[in-house]
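Visitor: Chains as they are written, first to last, in my numbering: chain F, 439 to 688; chain R, 8 to 697.
Before I ask anything, here is the structure I am working with.
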């Protein structure tokens, strides 16, 4: 009996820009698969090879029109894809998205859930923890290497001090650390095959959203201003010291 | 193409200085971006501006520039350094110029006109006699000059006066006089060109007399609110010319007259023409010290000039009080919409000028209409402006094979028109030959051709697959409406050459059908023969001495020679033509020759390659037919490239057999290897027809 390996994909906008009115990301632009999610797909495909009859399911939570962002995962070799959407999810925060994703994942009964390290739009890098918590799965994060034997996953984690090797028993969440592998380039045949695989678009009738965050305001980064030029008339050092002293630097 | 309400192009959080207004005399400029004056070759051969001239300027006003300076207008027939210089002295120019100023104003921009008397300098079709303070040719020119007499001096001033009246009638907001890299007024100001001993020479004040008389004549012949500026050459960059201190003195003298409202900085002369419109080999912002020096001395607004294309640099220069306005010519030729994109927070969508000079300067120096490598619409806005792109009424599914410039351009334009586009590239990165070309010394900015296109196709949601080699049957499986083959080209080396092991032989089907031929020089299959693609991809050549055969005349040969010299090789470049790198644009060729003189590159024109043997090459003198052997470690032949068109022919046959309605096109080098400018125009044309 093979494993069901879910790999979580985030459709991200191709250009990152904050909408000055809502304070949220402008999602009116084209979307594509988050780039480090390619590493997650690669990891999932590698893991599939270690247990016969396993399948890889790509899962995303996004408006249905972005679900084509899952196509690269299918071209790389994922068996099928599911996208879950709900009108209430627009602008949802970590609480909302993790609840929706956990609900969607529960539907496919995964043995292992693989996440990329972060998303290139939000850089939250926390969703894997929240989903693991909601599913009640063991979580191995910041993984740089991993090996699956029977129902045990041995994971090498990157930590401040060096590396740490841990073992988790399935079902589990595996979150990668950065670009830990080289994602495969799908061949032309794989691309065609990927186009024929299904992307299931599900709409949540009961969305378990708990909105915890409201954006109050956004402000642009401070502008560069003209620096102070001190012409050296023999006393430049004194002016420099005054300048630094006034700001409590010396 | 006018719009009813001029949009406000001022006020920006990201570039607050660039987008703050500025008043110059009676003229309120909406922002600090100035489209610098230049000869655009769009007037007709009688010096009358055309609908193309108007559309060219209107496009930049629509794109958001604050001020446009409509350049290269002649003050009299004897000063019309090209027959396509606008005949500003002639009342018949007013009608079309009025259309231009109306069009520009309708977009909220201001427009000045630049007046120039060509004097001792000329382009392709000069007037029968050139005027100068003292009889001598401009050192870089073959034309000698007529020393002006009192009547000529009076007529020169009258020419400025009459032209100013016409320009005021045509609705310009100001007039700029050119005392810059060409023309009569600088030659009068110059101690080298002006050796007169009358009231118009001898002393500094006397040398400045004619320029000041012309300034006064212009001021007197236009309404008070119109601005008057000077384009001023601050440094001639010649061994015999003046330098910055003298340039500043000219400015000081003009400012003291009280007749001048602003300065527009400039440098170089015909004898240092590579500094007038410097190519990519000159660093961006190279002329900042000149701008700064004039700004420090003058109380008038100063327009900065010279290889400014980066908005961050421009904003910094204003914040740093190096200038009051930022002049851009080539950047706004390459992307007229630069100001608008910056203002709307779309700086990452700006298409950068690559300072190649291949489209703009190369064309106008030959009196041809201006063009641009990066912008196929430049000078032909009425045909190809991006404002004319219409959404396809019947969006189609388009498969583009090949992610070089041609394929990317088709994908960009097709996607902008609403087609569903997928693009396949066999390499793991997009860019094709542009990637290789940008590895040549001084060609880093060439890569921006692809940076723009890649960002554009990704932004537009084009489905991009890299590392994916397409086969004909598979393309049919995709069931597209259109297939565009943009698979590029490869060096035309024998099938048995090593190249075929990494880049499968292209063109076999075409050769079999007599539609292409292989190379005919004996020995090109030998291991000591290297393709430019191999060289630029980083394959190390054996030994020291390399023979490079230039039968192409452009950077593929010249830049590869420099690449090899930089890697420590001694390079002999031969060509059967009279000049090595004969097809390079003038400023690029001049700087290439300067660098060659300082490097281990030997040039042998009038010399061809007859055969290659291990360790030596048989050369032939193209004039006498005399043969000689050259001992070399490696040979790099640069000839025409052969199209990578096998997929095209396979698909063509398959579609014919199956009676499929799929539309098949080929574009770029896959059709015929050419320079990127031509290829991008062709791709634009193809995609607008889909």
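All C-beta atoms, glycine included, are put in the ideal place defined by N, C-alpha and C.
1. Count the other CB atoms within 10 Å of the CB of residue 142 of chain R; is the residue buried (16 or more) or exposed (fewer)?
2. Around the C-beta of residue 201 of chain R, are 16 or more other C-beta atoms found within 10 angstroms, so that it is buried, or is it exposed?
3. Sort F/442, F/447, F/491, F/441 by Cα distance to residue 613 of chain F and report the nearest one.
4. Would a check of beta-carbon distances place residue 431 of chain R closer than 8 Å to chain F?
5. Restricting to runs no shorter than 4 residues, where is the alpha helix (DSSP H) found entirely within the segment 492 to 531 of chain F?
6. Taking its Cβ as the centre, do 16 or more other Cβ atoms sit within 10 Å of residue 11 of chain R, making it buried, or is it exposed?
7. When you compare only the Cα positions, how much space is there between residue 645 of chain R and residue 538 of chain R?
8. Can a CB atom of chain F be found closer than 8 Å to the CB of residue 173 of chain R?
9. Show which residues of chain R have a CB atom less than 9 Å away from the CB atom of residue 624 of chain F.
10. From the DSSP output, which residues share a beta bridge with residue 446 of chain F?
11. According to DSSP, is residue 410 of chain R part of a helix, a strand, or is it coil?
12. Return the chain-ordered list of same chain residues with a C-beta closer than 6 Å to the C-beta of residue 454 of chain F, the five sequence neighbours on each side being excluded.
13. List, in chain order, every chain R residue whose beta-carbon is nearer than 7 Å to that of residue 627 of chain F.
14. Just curious, the alpha helix (DSSP H) that residue 666 of chain R is in, first and last residue?
15. May I have the straight-line CA-CA distance separating residue 444 of chain F from residue 496 of chain F, to the nearest angstrom?
16. Within 10 angstroms of the Cβ of residue 547 of chain F, are there 16 or more other Cβ atoms? Answer buried if so, exposed if not.
17. Name the chain F residues whose beta carbon is nearer than 9 Å to that of residue 349 of chain R?
18. Is it the case that the Cβ atoms of residue 489 of chain R and residue 380 of chain R are separated by a distance below 8 Å?
19. Any idea what DSSP makes of residue 299 of chain R, helix, strand or coil?
20. Where does the unbroken alpha helix (DSSP H) through residue 600 of chain R begin, and where does it stop?
21. Going by the beta-carbon positions, is the gap between residue 617 of chain R and residue 630 of chain R smaller than 8 Å?
22. So residue 478 of chain R contacts chain F; which residues on that side make the cut at Cβ distance below 7 Å?
23. For residue 659 of chain R, collect the residues of the same chain with a Cβ closer than 7 Å to its Cβ; drop the 5 residues on either side in sequence, then sort them by chain order.
24. Go through the segment 496 to 541 of chain R residue by residue and report every complete run of the beta strand (DSSP E) that reaches 3 residues or more, in order.
25. Whole angstroms are fine: how far does the CA of residue 494 of chain R sit from the CA of residue 463 of chain R?
26. Secondary structure at residue 581 of chain R, three-state DSSP: helix, strand or coil?
27. Name, going along the chain, the residues of the segment 462 to 488 of chain F whose beta-carbon falls closer than 9 Å to a beta-carbon of chain R.
28. Given 8 Å as the limit, is there contact between the segment 593 to 606 of chain R and the segment 661 to 678 of chain R, that is, 3 or more CB pairs closer than that?
29. Cβ closer than 8 Å: which chain F residues qualify as neighbours of residue 342 of chain R?
30. Would you call the segment 426 to 434 of chain R and the segment 503 to 516 of chain R in contact, with 3 or more CB pairs under 8 Å?
31. How long is the line joining the alpha carbons of residue 416 of chain R and residue 654 of chain F, rounded to whole angstroms?
32. What residue ranges within the segment 153 to 211 of chain R form continuous beta strand (DSSP E) runs of no fewer than 3 residues, ordered along the chain?
33. Looking only at its own chain, which residues have a Cβ that is under 7 Å from the Cβ of residue 617 of chain F, when we skip the five neighbours before and after it?
34. Which residue comes first and which comes last in the beta strand (DSSP E) that contains residue 334 of chain R?
35. Could you tell me the distance, in whole angstroms, from the CA atom of residue 683 of chain R to the CA atom of residue 441 of chain R?
36. So, at 6 Å on beta carbons, what are the nonlocal neighbours of residue 459 of chain R in its own chain, with the 5 sequence-adjacent residues on each side left out?
Guide: Once the coordinates are examined:
1. In the second chain, the residue the question calls residue 142 of chain R occupies position 135. Answer is exposed; the Cβ neighbour count stays below 16.
2. Residue 201 of chain R sits at position 194 when you count from the first residue of the second chain. Its Cβ being crowded by 16 or more others within 10 Å, residue 201 of chain R is buried.
3. The count along the first chain starts at 1 and reaches residue 613 of chain F at position 175. Nearest option by C-alpha distance: F/447.
4. Here the question's residue 431 of chain R lines up with position 424 in the second chain. Closer than 8 Å to some Cβ of chain F, the Cβ of residue 431 of chain R qualifies, so yes.
5. 509 to 514
6. Indexing the second chain from 1 puts residue 11 of chain R at position 4. Any reading at residue 11 of chain R needs caution, since the residue's pLDDT is 48, under 50, leaving its predicted position unreliable; the model's value is listed next. Residue 11 of chain R comes out exposed.
7. The count along the second chain starts at 1 and reaches residue 645 of chain R at position 638. The count along the second chain starts at 1 and reaches residue 538 of chain R at position 531. If you take the alpha carbons of residue 645 of chain R and residue 538 of chain R, they lie about 8 Å apart.
8. Residue numbering aside, residue 173 of chain R sits at position 166 when the second chain is read from its first letter. With 8 Å as the cut-off, residue 173 of chain R does not count as an interface residue toward chain F.
9. Reading the first chain from its first residue, position 186 is the one you call residue 624 of chain F. Under the 9 Å cutoff, chain R gives 472, 474, 475.
10. If you number the first chain from 1, residue 446 of chain F lands on position 8. BP columns for residue 446 of chain F point to F/497.
11. In the second chain, residue 410 of chain R corresponds to position 403, counting from 1. Here residue 410 of chain R sits in coil by DSSP.
12. Sequence index remark: in the first chain, residue 454 of chain F carries index 16 (1-based). Excluding positions up to five away in sequence, the list reads 559.
13. Here residue 627 of chain F refers to the residue found at position 189 of the first chain. Under the 7 Å cutoff, chain R gives 481.
14. Stepping through the second chain from its first residue, residue 666 of chain R is reached at position 659. Per DSSP, residue 666 of chain R belongs to no alpha helix (DSSP H) and is neither H nor E.
15. Residue mapping note: residue 444 of chain F aligns to position 6 of the first chain, counting from 1. Residue mapping note: residue 496 of chain F aligns to position 58 of the first chain, counting from 1. So the two alpha carbons sit approximately 6 Å from each other.
16. Locating residue 547 of chain F in the first chain gives position 109, where the first residue counts as 1. Looking at its Cβ environment, which holds fewer than 16 other Cβ atoms inside 10 Å, residue 547 of chain F is exposed.
17. Translated into the one-based positions of the second chain, residue 349 of chain R becomes position 342. Going along chain F, no residue has its Cβ under 9 Å from residue 349 of chain R, so there is no contact; the nearest lies around 14 Å.
18. Reading the second chain from its first residue, position 482 is the one you call residue 489 of chain R. Reading the second chain from its first residue, position 373 is the one you call residue 380 of chain R. No. Outside cutoff.
19. Position 292 of the second chain, counted from the start, is the residue given in the question as residue 299 of chain R. The answer is helix: DSSP assigns residue 299 of chain R an H, G or I state.
20. One-based indexing of the second chain puts residue 600 of chain R at position 593. Counting along the chain, the alpha helix (DSSP H) containing residue 600 of chain R begins and ends at 593 to 604.
21. In the second chain, residue 617 of chain R corresponds to position 610, counting from 1. In the second chain, residue 630 of chain R corresponds to position 623, counting from 1. Going by C-beta atoms, residue 617 of chain R is not nearer than 8 Å to residue 630 of chain R.
22. One-based indexing of the second chain puts residue 478 of chain R at position 471. Residues of chain F passing the Cβ test: 626.
23. Position 652 of the second chain, counted from the first residue, corresponds to residue 659 of chain R. The residues are 671.
24. 496 to 498
25. Position 456 of the second chain holds residue 463 of chain R. Position 487 of the second chain holds residue 494 of chain R. Each residue's alpha carbon lies about 20 Å from the other.
26. For the purposes of this step, residue 581 of chain R is taken as the residue at position 574 of the second chain. Reduced to three states, the DSSP call for residue 581 of chain R is strand.
27. 467, 468, 469, 470
28. no
29. For the purposes of this step, residue 342 of chain R is taken as residue 335 along the second chain, with counting starting at 1. Result: empty, since nearest Cβ-Cβ is about 17 Å, beyond 8 Å.
30. no
31. On the second chain, position 409 is the one that residue 416 of chain R refers to. On the first chain, position 216 is the one that residue 654 of chain F refers to. Spanning the two alpha carbons is a distance of roughly 41 Å.
32. 181 to 186
33. Within the first chain, the letter at position 179 stands for residue 617 of chain F. Cβ within range, chain order: 474, 477.
34. In the second chain, counting from the first residue as 1, residue 334 of chain R sits at position 327. Looking at the DSSP string, the run of the beta strand (DSSP E) that includes residue 334 of chain R is 332 to 335.
35. On the second chain, position 676 is the one that residue 683 of chain R refers to. On the second chain, position 434 is the one that residue 441 of chain R refers to. Distance between the alpha carbons of residue 683 of chain R and residue 441 of chain R: 8 Å.
36. In the second chain, residue 459 of chain R corresponds to position 452, counting from 1. Correct list, in chain order: 358.
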